[in-house]
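Student: Just passing along the structure, written as structure tokens.
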Amino acid sequence: MSLDLGSLEILGAASVGQPGQRRFCLYVQSRRGSAIIWMEKEQLNRLSLTLDQVLAQLTEGQVLRTEAQAGGPPAPAGLPSDFLSAPEYDLRSSQMGLTYDERDESFTFTVTPVEIILEDTT
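Each residue of the sequence shown is one higher than the one before, counting from 0 in numbering that gives the first Met the number 0.
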């Protein structure tokens, strides 16, 4: 299975469920489709740290952050209210990769779903 959603319009992270039984995911949407990518908490944390490091290197430490905001963070513009219940693709991540193309100034995020790993071992 190969899926290329192209340039993303929406990218976010979410947790679903009660503490101790939470599931973690990335949600993505582009003009080509939408997907939920389920992953372990550690995978999401590592991805976040890697993005922070790369952005700090690219901006020579000038990455801007919102430390606190009255009323909580705003909801991303255009995020469908039923996004978590109606993505076109629903994947569980086994492996992830992140590359940066200096020429295009863009990131490429790749995910190998668990289903593909299981098919290769049978």
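For every residue, glycine included, the Cβ atom is placed at its ideal position computed from N, Cα and C. These numbers come from a predicted model, not from an experiment.
1. Does the pairing of the segment 48 to 64 with the segment 2 to 14 give three or more beta-carbon distances under 8 angstroms?
2. Under 8 angstroms between the Cβ atoms of residue 33 and residue 114?
3. If I follow the unbroken beta strand (DSSP E) through residue 55, where does it start and stop?
4. Among the residues of its own chain, which have a CB less than 6 angstroms from the CB of residue 35, if the five just before and after it don't count?
5. Which same chain residues end up closer than 6 angstroms to residue 109 when comparing Cβ atoms and leaving out the 5 residues on each side of it in sequence?
6. Going by DSSP in three states, residue 80 sits in which element: helix, strand or coil?
7. Measuring CB to CB, does residue 112 end up less than 8 angstroms from residue 93?
8. Of the residues 104, 82, 102, which one's Cα is nearest the Cα of residue 9?
9. Counting only runs of 3+ residues fully inside the segment 13 to 38, write out the beta strand (DSSP E) ranges in chain order.
Tutor: By the coordinates alone:
1. no
2. Cβ atoms of residue 33 and residue 114: not closer than 8 angstroms.
3. Element bounds for residue 55: not the beta strand (DSSP E) but the alpha helix (DSSP H), 40 to 57.
4. Result list for residue 35: 24, 26, 86, 89, in chain order.
5. 96
6. Coil.
7. yes
8. The option with the nearest alpha carbon to residue 9 is 82.
9. 22 to 29, 32 to 38
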